[in-house]
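Engineer: Heads up: the first sequence runs through residues 10 to 504, numbered per our numbering. Using N, Cα and C, we set each Cβ at its ideal position, and we do this for glycine too.
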Amino acid sequence: MSLQLYNTMSGKKEPFEPYEPGHVRMYTCGPTVYDYIHLGNARAFVVPDVIKRYLQWRGYKVTHVQNITDIEDKIIAKAAEEGVPFQVIVDRYTEAYLEDIERLGCQTPTVMPKASEHIPGIIDMIERLIERGHAYAVGANVYFAVESHSDYGALSGQSLDALVAGARVEVDEEKRHPADFALWKAAKPGEPAWDSPWGPGRPGWHIECSVMSTHYLGQPFDIHTGGADLVFPHHENEIAQSEAATGKKFVRYWVHNGYINVDGEKMAKSAGNFFTVRELFKKYSPQVVRLFLVSKHYRSPIEFNEEVMEATERGYNRLVDAAELLRELVPEEYVGELKEPVADEEASRLVQASQDAVDEFVRGMDDDINTAVALAAIYDLTRQVNAAAHRAQAGASQDMLRALGHALHTLEALTGVLGLELARHAPAAEQPAMELVRGLVQLAVDLRSEARRERRFDTADAIRDRLAELGIILEDTPQGTRWKLSAPDREARND
RNA sequence: GGCGGCAUAGCCAAGUGGUUAAGGCGGAGGUCUGCAAAACCUCUAUCCCCAGUUCGAAUCUGGGUGCCGCCUCCA
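1. Whole angstroms is fine: what's the gap from ALA403's alpha carbon to GLN488's?
2. What residues in its chain sit with their C-beta under 8 Å from that of GLY68, if we drop five residues either side in the sequence?
3. Can you find the residues in the same chain that come closer than 7 Å, C-beta to C-beta, to VAL351, ignoring five residues on each side of it along the sequence?
4. Quick one: residues in its chain with C-beta nearer than 6 Å to the C-beta of ALA124, no 5 flanking neighbours on either side, listed in chain order?
5. Counting along the chain, where does the alpha helix (DSSP H) carrying ASN395 start and finish?
6. Let me check understanding here. Comparing Cα to Cα, which of ALA237, HIS73, HIS233, ALA249 lies closest to VAL120?
7. Tell me which residue opens and which closes the alpha helix (DSSP H) that TYR161 is part of.
8. With distances taken from CA atoms, which of PRO229, GLY227, TRP263, ALA253 is nearest VAL240?
9. To the nearest angstrom, how far is it from the Cα of THR486 to the Cα of LEU328?
10. In this structure, does DSSP put HIS306 in helix, strand or coil?
11. Rounding to the nearest angstrom, what Cα-Cα distance links ALA405 and SER294 in this structure?
12. Can you find the residues in the same chain that come closer than 7 Å, C-beta to C-beta, to ALA253, ignoring five residues on each side of it along the sequence?
13. Check LEU347 in the structure and name its three-state DSSP category.
14. Please state whether DSSP places VAL339 in a helix, a strand or coil.
15. Use the C-beta contact count for GLU484: other C-beta atoms within 10 angstroms, 16 or more gives buried, fewer gives exposed.
16. Exposed or buried, which one is VAL93 when buried takes at least 16 other CB atoms within 10 Å?
17. Provide the residue span of the alpha helix (DSSP H) that contains PRO129, from first to last.
18. Quick test of your reading: VAL260 and HIS233, contact by CB under 8 Å. State the CB separation rounded to the nearest angstrom.
19. Does the beta-carbon of GLU316 have 16 or more other beta-carbons within 10 angstroms, so that it is buried, or is it exposed?
20. Restricting to Cα atoms, I'd like to know which of MET35, ALA53, THR37, ASN246 is closest to ARG299.
21. Helix, strand or coil for ILE80 per DSSP?
22. Using only the alpha-carbon positions, how far apart do ALA442 and SER495 sit?
23. Could you compute how far the alpha carbon of LYS184 sits from the alpha carbon of GLY213?
24. Using 8 Å as the threshold, is the C-beta distance between LEU429 and VAL367 below it?
25. Between ALA195, ALA196, LEU169, which lies nearest to ALA188 when the distance is taken from Cα to Cα?
26. Would you tell me roughly how many angstroms separate the C-alpha atoms of LYS348 and ASP238, rounded to the nearest one?
27. What is the rounded straight-line gap between the Cα of ILE46 and the Cα of ASP467?
28. Quick one: what's got a C-beta closer than 7 Å to LEU164's C-beta in the same chain, skipping five residues either side?
29. So, are the CB atoms of ILE481 and ARG457 less than 8 Å apart?
30. Could you tell me which residues DSSP pairs with PHE230 in its beta bridges?
31. May I ask you to verify whether the region 318-335 touches the region 385-402, counting CB pairs closer than 8 Å and requiring at least 3?
32. Closest to PRO122 by CA distance: which of VAL59, THR41, TYR152, TYR28 is it?
33. For PHE290, does the three-state DSSP call read helix, strand or coil?
34. When the Cα of VAL523 is compared with those of GLU421, ARG323, ARG287, which residue comes out closest?
35. Would you mind giving the Cβ-Cβ distance between PHE283 and LEU48, rounded to the nearest angstrom? I have them listed as a contact below 8 Å.
36. Under three-state DSSP, which class holds ILE98?
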């Protein structure tokens, strides 16, 4: 069985085959840089990142383009509101966005083009559309004529008549058809503008994605992703423009992710019920946020609330704890793919468990990137690893250590495909401080161990309690006392 | 009005014709421990309602009920 992907265009899961064997080309609608990204935006970036990582893991080369919209009405509005130059807004939020997706564990896309860098290509495409009779200029505005494209409405499953009957399309005397949309907008005084055959202005929203995607990926390309709210009109319009301009199919698989809900309602800027990811990072580590996002199938809505976030954090800690235990236990040279089979019966059971986890993980991911199933496979293996590791703490055969090393490798590989990293790490800025913390904690732990040996349990417990208040958890094992930070990579801990 | 989605345990969430209905969080009991913590073990649902199809349905069909989304900027 191979990867099945749900295609919004057909409304069905379809077997995935790239246009060019072995090489997947995908495009993701990136942010408009006028504000910090919120959790809903984050999902639209994490979902394609998971798809990309899975494809890579399955051996495909992936070229991934994710644009940055740096020309847009909302940016102009924000600049006016703050009374600062347009570019200040663009730079500030571009930088913040790059930082946010990196912390979320997203690989840097192969190319991150900006609309402002593709004006000539945009003008070319508009000219071609006018030549082919798909667009018309009215003064310095240019519109796409939706009636000229027979397939208009195919992606959203709506006929042109039905779309107009919805009657929320803005009335505009200039347009030949109410659903016609702007390819080029005339600049008003003071607005950022680029020269064009129709006068100074800026591109409409949809045209940049058509131009940039096909510029880097050709036409057709394989996968186009975005939030479900982009199906109409954004993606519908992208298709119309691109196919009208070239006569070729635009995109082979349309992938749309579901929303994040708050109190049952879609999280959105306009609704005001959103959480920026940087706010969330103060309370939860970026890894926990990412785990939360992949805990449900990408097309379903996810309800956001504190209770679920906390449950997610506990689950994440369990995964990390298991990995850390293995790292303590297994000599480094045993971590990795198993080179020779193990003879020991218990060890071979664990090897089998690792294989089962991989099989189940693949089964889930192949079924339209079912990350919930994939995660269940990871948790299953974690449980078995813990059981074996705790027994191994009291002494283990070489075979067992090799099997544990293999299991650790497996856990890291599978969580890695989801973009998760099983490690507690303090933010880089805190690294020097961590050295000091390690020393001080060890000092306290040593003093407490001495107290325990002398059966002065009041003192021992007091030390443990005080450390707990500081966010340091002690665990006594037969081999001595281990310690860990309770919430290691939250942005700031003020508890 | 048009189009689409969802309803599974206290919470989150898989499962789309036949299995003991995955997994996580929480809860109860147990093992281990000076006590804890962690970990492991056991237990913790008959699938919104009704009517059909079928030898057999959470899974298919029809009808309800409830919730959500798109049709306007939106990830």
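Structural biologist: Quick answer:
1. For the purposes of this step, residue 403 is taken as the residue at position 394 of the first sequence. For the purposes of this step, residue 488 is taken as the residue at position 479 of the first sequence. Each residue's alpha carbon lies about 8 Å from the other.
2. The residue you call residue 68 lines up with position 59 of the first sequence. Hits under 8 Å: GLY31.
3. Taking the first sequence and counting its residues from 1, the one referred to as residue 351 is at position 342. Same-chain partners within the cutoff: SER357, VAL360, ASP408, ARG411, ALA412.
4. Locating residue 124 in the first sequence gives position 115, where the first residue counts as 1. Excluding residues within five positions, the ones whose Cβ falls inside 6 Å are THR78, ASP79, ILE80, GLU217.
5. Taking the first sequence and counting its residues from 1, one reaches residue 395 at position 386. Segment 380-401, the alpha helix (DSSP H) holding ASN395.
6. Working through the first sequence from its first residue, we reach residue 120 at position 111. Closest in alpha carbon position to VAL120, among ALA237, HIS73, HIS233, ALA249, is HIS73.
7. As a first step, residue 161 is located in the first sequence; it is residue number 152 there, counting from the start. Here TYR161 belongs to no alpha helix (DSSP H), and DSSP marks it neither H nor E.
8. By 1-based counting over the first sequence, the position of residue 240 is 231. Out of PRO229, GLY227, TRP263, ALA253, TRP263 has the C-alpha closest to the C-alpha of VAL240.
9. Stepping through the first sequence from its first residue, residue 486 is reached at position 477. Stepping through the first sequence from its first residue, residue 328 is reached at position 319. Distance from the CA of THR486 to the CA of LEU328, rounded to the nearest whole angstrom, comes to 19 Å.
10. Residue numbering aside, residue 306 sits at position 297 when the first sequence is read from its first letter. Coil at HIS306, not helix or strand.
11. As a working mapping, residue 405 is identified with position 396 in the first sequence. As a working mapping, residue 294 is identified with position 285 in the first sequence. ALA405 and SER294 have their alpha carbons spaced roughly 34 Å apart.
12. In the first sequence, the residue the question calls residue 253 occupies position 244. Hits under 7 Å: LEU138, ARG141, HIS143, SER157, HIS158.
13. Here residue 347 is taken as the residue at index 338 of the first sequence, counted from 1. In the three-state reduction of the DSSP assignment, LEU347 falls in the coil class, being assigned neither a helical nor a strand state.
14. Residue numbering aside, residue 339 sits at position 330 when the first sequence is read from its first letter. VAL339 carries a coil assignment under DSSP once its states are collapsed to helix, strand and coil.
15. Residue numbering aside, residue 484 sits at position 475 when the first sequence is read from its first letter. With fewer than 16 other Cβ atoms within 10 Å, it is exposed.
16. In the first sequence, residue 93 corresponds to position 84, counting from 1. Burial call: exposed.
17. By 1-based counting over the first sequence, the position of residue 129 is 120. Secondary structure note for PRO129: its alpha helix (DSSP H) is the uninterrupted segment 128-140.
18. In the first sequence, residue 260 corresponds to position 251, counting from 1. In the first sequence, residue 233 corresponds to position 224, counting from 1. The beta carbons of VAL260 and HIS233 sit about 4 Å from each other, so the pair counts as a contact at 8 Å.
19. Here the question's residue 316 lines up with position 307 in the first sequence. Label assigned to GLU316: exposed.
20. What you label residue 299 is simply residue 290 of the first sequence in a count that begins at 1. Ranking MET35, ALA53, THR37, ASN246 by Cα distance to ARG299 puts ALA53 first.
21. Here the question's residue 80 lines up with position 71 in the first sequence. In the three-state scheme derived from DSSP, where H, G and I count as helix and E and B as strand, ILE80 is classed as coil.
22. The residue you call residue 442 lines up with position 433 of the first sequence. The residue you call residue 495 lines up with position 486 of the first sequence. Going by the C-alpha atoms only, they are around 17 Å apart.
23. If you number the first sequence from 1, residue 184 lands on position 175. If you number the first sequence from 1, residue 213 lands on position 204. For LYS184 and GLY213, the distance between alpha carbons rounds to 14 Å.
24. Position 420 of the first sequence holds residue 429. Position 358 of the first sequence holds residue 367. Contact flag unset, no.
25. Mapped onto the first sequence, residue 188 falls at position 179. Cα-wise, what sits closest to ALA188 is LEU169.
26. Residue numbering aside, residue 348 sits at position 339 when the first sequence is read from its first letter. Residue numbering aside, residue 238 sits at position 229 when the first sequence is read from its first letter. Near 48 Å, if we compare the C-alpha coordinates of ASP238 and LYS348.
27. Position 37 of the first sequence holds residue 46. Position 458 of the first sequence holds residue 467. C-alpha separation (whole angstroms): 49 Å.
28. Your numbering for residue 164 matches position 155 in the first sequence. Non-local C-beta neighbours of LEU164 in its own chain, meaning closer than 7 Å and more than five positions away in sequence, comprise THR17, MET18, VAL240, HIS244, GLU245, ILE248, TRP263, ordered along the chain.
29. Sequence index remark: in the first sequence, residue 481 carries index 472 (1-based). Sequence index remark: in the first sequence, residue 457 carries index 448 (1-based). The answer is no: Cβ separation not under 8 Å.
30. Locating residue 230 in the first sequence gives position 221, where the first residue counts as 1. The beta-bridge partner set that DSSP reports for PHE230 consists of VAL260.
31. Output reads yes: the region 385-402 touches the region 318-335.
32. Within the first sequence, numbered from 1, the residue matching residue 122 stands at position 113. Distance check between PRO122 and each of VAL59, THR41, TYR152, TYR28 places THR41 closest, using alpha-carbon atoms only.
33. Numbered from 1 along the first sequence, position 281 holds the residue referred to as residue 290. Reduced to three states, the DSSP call for PHE290 is helix.
34. Residue 523 is absent from the model: the chain starts at 10 and stops at 504.
35. The sequence position of residue 283 within the first sequence is 274, counting from 1. The sequence position of residue 48 within the first sequence is 39, counting from 1. Here PHE283 really is in contact with LEU48; their C-beta atoms are around 7 Å apart, less than 8 Å.
36. Mapped onto the first sequence, residue 98 falls at position 89. ILE98: helix per DSSP, three-state reduction.
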